[in-house]
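Protein chains: 2
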Amino acid sequence: MPRPDGPHPDELLRRIRELDLRPARDATGHYYVEGLRQVFCALDANLPLELLVYCEALAPTIAQRRVRLARREGVRVLRVSPEQFRSVSIAARASGIGAVLGQHWSSIHDADPAGGLCWIGLGVTRSPGNLGTLLRTADAVGVAGVIFLDRLTDPFDHRVVRASMGGIFGLRLVRATHAELADWVSSHRGEVVGASPRGDVSYTDIPLRTPLVVLLGEEWRGLTEDELRLCGLTAAIPMAGRADSLNFGVSAAVVLFDLRRRARDAAATLRPGG
Amino acid sequence: MPRPDGPHPDELLRRIRELDLRPARDATGHYYVEGLRQVFCALDANLPLELLVYCEALAPTIAQRRVRLARREGVRVLRVSPEQFRSVSIAARASGIGAVLGQHWSSIHDADPAGGLCWIGLGVTRSPGNLGTLLRTADAVGVAGVIFLDRLTDPFDHRVVRASMGGIFGLRLVRATHAELADWVSSHRGEVVGASPRGDVSYTDIPLRTPLVVLLGEEWRGLTEDELRLCGLTAAIPMAGRADSLNFGVSAAVVLFDLRRRARDAAATLRPGG
């Protein structure tokens, strides 16, 4: 239930609807997720939770227990009718549970250079589906986080969040300028490796550095001149067939999983008796 | 121009429109592709070409030369008005060039066990986008072809063809029953390796056999019991993060590109001085 001193439920629902649009997300620093899977993932990740939206008539009983638990922990819960829930629903089937979350941005100064497998650097990514799939892969492969170089790209677009299948909740998300990224990498003696069809080396030969930033350019045009200047090296995926290039998310996955394979091999060699 | 004894242009256009639907594709063995990129790819691949559809007012001049060349080689060309072209168009922007192609199925008895990197076996694939991306990856990585075990899945759906970005044109496509696949593999002393989150081994340890069939199950449910029975081995992709599983096309790409890496390493070791 909204606190007695809080805004009226209809006003809250109106604000949630607005979160579909970038300006409202930017202004509030919030975003809305919906459905059992996404809301539970977000709760498990201990992300900043502003509000749970709950419709008892629509939600499965498993949601009820979780909502009660969250309320006991001080989370604000907005109980709504099915009509009210549907008025903010962004999903094909209204699931009866949604959450307004705070966008979990962190500063590049807090980025752990030794965290995870590596970091991903991103230029513009045009397709929300591509970005979501990338975040899903990045989380699965153990990437520390994603550094966004371009303000056009918004990982909190609901299509991105949905396609990430919960992956976005486990990643550090950083916005940085080209200069900030260059500073961070050089101060930690790391390297930026750009993914490019005309790469200097094969992706299987990317040196395992800490920190390592794998930089991905725009889906169609690839790395810009500014992005290329950040790279100490570029890497390509050698191909056999006629298909021009791989899908954006597919190429990223091929590069990242090979890094993971080699990092694990290297770790195994360093273990006593390994 | 249609031959004087051929059907009326309007009748041809009606038949092309019908190719949007599976029954017409199955009955005729034809499919329709549209756009400069797809039509040129298909022409380059020397696929069975039934008809070129060409609208001079819409198509870029580069298309004109190619159409003239094709006509000289005996290809039937249907010249249409912009309105007529748009009446069969399946693309967002009518490009002025399309082609009716024969579906290039081949028999499992003609499948080359030593061809390409490996073969892909497929159960049901529900999303045309997923299947298209898989075909794009398969062509890029050098797979010999794809063996379809389920008749539900139609690679000639225009959404699949489009997402394959020309990849479908370079692959052998085979329909086979489970028994036919089992016979083919055992008669050539090969192996079927199923991709499964509960796999016996890591994908990096899949033995390089010839022929090798990498079997992919349905996107959500994975391999069926019948499919599992075909597998001599199952392989998994070890993961780090919370995301339940990888996207269908992404996991296939990770497995296939690692096979390619190891096949190339093995070939290099066998070379004199390698």
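Protein chains in written order, with my numbering: chain F, 237 to 510; chain C, 237 to 510.
Even for Gly, the Cβ is constructed at its ideal location relative to N, Cα and C.
Exercise. Beta-carbon of Ala431(C) versus every beta-carbon of chain F: anything under 8 Å?
Worked result: No - not a single Cβ of chain F is within 8 Å of the one on Ala431(C).
Problem set entry | Integer-rounded CB distance, given that Ile442(F) should sit under 8 Å from Ala471(F) | Yes, they are in contact, since the Cβ atoms of Ala471(F) and Ile442(F) sit about 5 Å apart, within 8 Å.
Exercise. According to the Cβ coordinates, are Leu255(C) and His266(C) closer than 8 Å?
Worked result: With respect to the 8 Å criterion, Leu255(C) and His266(C) are classified as neighbours on the basis of their beta carbons.
Exercise. Taking contact to mean at least 3 C-beta pairs separated by less than 8 Å, is the region 284 to 299 of chain C in contact with the region 332 to 342 of chain C?
Worked result: Contact annotation: the region 284 to 299 of chain C touches the region 332 to 342 of chain C, with at least three C-beta pairs closer than 8 Å.
Exercise. Helix, strand or coil: how does DSSP classify Thr470(F) here?
Worked result: It is a strand residue.
Exercise. Mind checking if Leu452(C) is an interface residue toward chain F, Cβ cutoff 8 Å exclusive?
Worked result: So, not an interface residue.
Problem set entry | Of the listed residues Gly310(C), Ser317(C), Glu309(C), Arg308(C), nearest to Tyr290(C) (C-alpha basis) | Closest by alpha carbon: Ser317(C).
For this session: Tell me where the alpha helix (DSSP H) around Phe321(C) begins and ends.
Result: Run containing Phe321(C): 318 to 324, per the alpha helix (DSSP H) assignment.
Exercise. Interface residues of chain C around Leu482(F) at Cβ under 8 Å?
Worked result: By Cβ distance, chain C contributes Arg372, Thr373, Ala376, Ala489.
For this session: Output, in chain order, the set of chain C residues within a Cβ distance shorter than 8 Å of Thr369(F).
Result: Those are Asn483, Val486, listed as they occur along chain C.
Exercise. Would you say Thr512(F) faces chain C, with C-beta separation under 8 Å as the test?
Worked result: The requested residue 512(F) is not part of the displayed model; chain F covers only 237 to 510.
Problem set entry | Exposed unless 16 or more other CB atoms sit within 10 angstroms - verdict on Ala328(F) | An exposed status is given to Ala328(F), since fewer than 16 other beta-carbon atoms sit within 10 Å of its beta-carbon.
For this session: Output yes if chain F places a C-beta closer than 8 Å to the C-beta of Ala476(C); else output no.
Result: For Ala476(C), the answer is yes, since a Cβ of chain F falls inside 8 Å of its Cβ.
For this session: Alpha carbon to alpha carbon, how far is His424(C) from Thr369(F)? Give it in angstroms, no decimals.
Result: Here the C-alpha atom of Thr369(F) lies approximately 38 Å from the C-alpha atom of His424(C).
For this session: Scan the region 496 to 507 of chain F for residues whose Cβ lies nearer than 7 Å to a Cβ of chain C and list them as they occur along the chain.
Result: Against chain C - using a Cβ distance shorter than 7 Å - the residues of the region 496 to 507 of chain F are Arg497.
Exercise. Thr361(C): buried (16+ other C-beta within 10 angstroms of its C-beta) or exposed?
Worked result: Buried: at least 16 other Cβ atoms inside 10 Å.
Exercise. How many Å lie between Gln300(C) and Gly310(C) at the Cα?
Worked result: When rounded, the distance between both Cα atoms is 16 Å.
Exercise. How would you list, in chain order, the residues of chain F whose beta-carbon sits under 8 Å from the beta-carbon of Phe276(C)?
Worked result: Simply none; closest approach about 11 Å.
Exercise. Using 8 Å as the limit for Cβ to Cβ distance, is Phe392(C) near chain F?
Worked result: For Phe392(C), the answer is no, since every Cβ of chain F falls outside 8 Å of its Cβ.
Exercise. Among Ser323(C), Arg457(C), Arg387(C), Gly426(C), which residue has its Cα nearest to the Cα of Thr413(C)?
Worked result: Comparing Cα positions, the closest option is Arg387(C).
For this session: For Trp355(F), write down the residues that DSSP places opposite it in a beta bridge.
Result: DSSP, once it has assigned bridges, lists Gly381(F), Val449(F) as partnering Trp355(F).
Exercise. Do three or more CB pairs link the region 403 to 417 of chain F to the region 429 to 436 of chain F at distances below 8 Å?
Worked result: Using a Cβ-Cβ distance cut-off of 8 Å, the region 403 to 417 of chain F and the region 429 to 436 of chain F are not in contact, since fewer than three pairs of beta carbons, one from each stretch, lie closer than that value.
Problem set entry | From Val275(C), Leu506(C), Val450(C), residue whose alpha carbon lies closest to that of Gly357(C) | The candidate whose alpha carbon is nearest that of Gly357(C) is Val450(C).
For this session: Specify, as a first and last residue, the run of the beta strand (DSSP E) that Ala431(C) falls within.
Result: Ala431(C): member of the beta strand (DSSP E) spanning 427 to 431, first to last residue.
Problem set entry | Chain-ordered neighbours of Phe321(C) on chain F, where CB pairs are closer than 9 Å | Going along chain F, no residue has its Cβ under 9 Å from Phe321(C), so there is no contact; the nearest lies around 25 Å.
Problem set entry | Val269(C) beta carbon less than 8 Å from that of Ala335(C) | Closer than 8 Å, so yes.
Exercise. Quick one: what does DSSP say Trp420(F) is sitting in, helix, strand or coil?
Worked result: Under the three-state reduction of DSSP output, Trp420(F) falls in the helix class.
Problem set entry | Nearest-angstrom Cα separation, counted from Gly359(C) out to Arg253(F) | Looking at the two C-alpha atoms, the distance is approximately 40 Å.
Problem set entry | Test: Gly510(C) CB closer than 8 Å to a CB of chain F | Confidence at Gly510(C) is low in this model, with a pLDDT of 45, below 50, so its placement is unreliable and no value can be given for it.
For this session: Using a Cβ-Cβ cut-off of 8 Å, state whether Phe493(F) counts as contacting chain C.
Result: Under the Cβ distance rule, Phe493(F) counts among the residues neighbouring chain C, one pair being separated by less than 8 Å.
Problem set entry | the region 456 to 464 of chain C touching the region 486 to 506 of chain C, judged by at least three CB pairs closer than 8 Å | Too few Cβ pairs lie closer than 8 Å, so no.
Problem set entry | Per-residue DSSP class, three states only, for Leu314(C) | Leu314(C) falls in the strand class under three-state DSSP.
Exercise. Opposite Tyr439(F) in the DSSP bridges: which residues?
Worked result: As computed with DSSP, Tyr439(F) is found in no beta bridge at all.
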